[in-house]
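Novice: So the sequence shown is numbered by full-length UniProt numbering: it starts at 1 and just counts up by one.
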Amino acid sequence: MQYFQDNVKLNGRKGKLTEKVRVRLHNKVLTILTTMAYRKKYFKYLTKKFLKKKDLRDWIRILARGKDTYQLKYFNIQDQEEA
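1. What would DSSP say about residue 69, mapped onto helix, strand or coil?
2. Can the beta-carbon of residue 70 be found less than 8 Å from the beta-carbon of residue 44?
3. To test your reading of the DSSP string, which unbroken beta strand (DSSP E) runs of 3 or more residues are found completely within the segment 9–62?
4. Span of the alpha helix (DSSP H) holding residue 4?
5. CB-CB under 8 Å to residue 48, same chain, minus the five flanking residues each way: which ones, in chain order?
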């Protein structure tokens, strides 16, 4: 959660979130609420950057669950080993 608070850009500046962008964590669900227009792709980019920083990018993938949601899932390693 702290990573997103520090890295979401508001008016071209990182870490200066106001009431226009809120980041919440509740029951293992990260919610980003905005009153400004952001592309969904921007938050996917930040998530990939976070996973890469924590060396999890090779294990976890990002899936679109709907028009405005993403879900993180582990890669299915067993299927890849059999192929």
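Cβ coordinates follow ideal geometry from the N, Cα and C atoms, glycine included.
Specialist: The relevant details are as follows:
1. To locate residue 69, count along the sequence shown from 1; it is residue 69. In this structure, residue 69 counts as strand in the three-state DSSP scheme.
2. Residue 70 sits at position 70 when you count from the first residue of the sequence shown. Residue 44 sits at position 44 when you count from the first residue of the sequence shown. Yes, the pair counts as a contact, with Cβ atoms nearer than the cut-off.
3. With a minimum length of 3 residues, the unbroken runs of beta strand (DSSP E) contained wholly in the segment 9–62 fall at 21–26, 29–34.
4. Position 4 of the sequence shown, counted from the start, is the residue given in the question as residue 4. Run containing residue 4: 2–7, per the alpha helix (DSSP H) assignment.
5. Numbered from 1 along the sequence shown, position 48 holds the residue referred to as residue 48. Correct list, in chain order: 57, 62.
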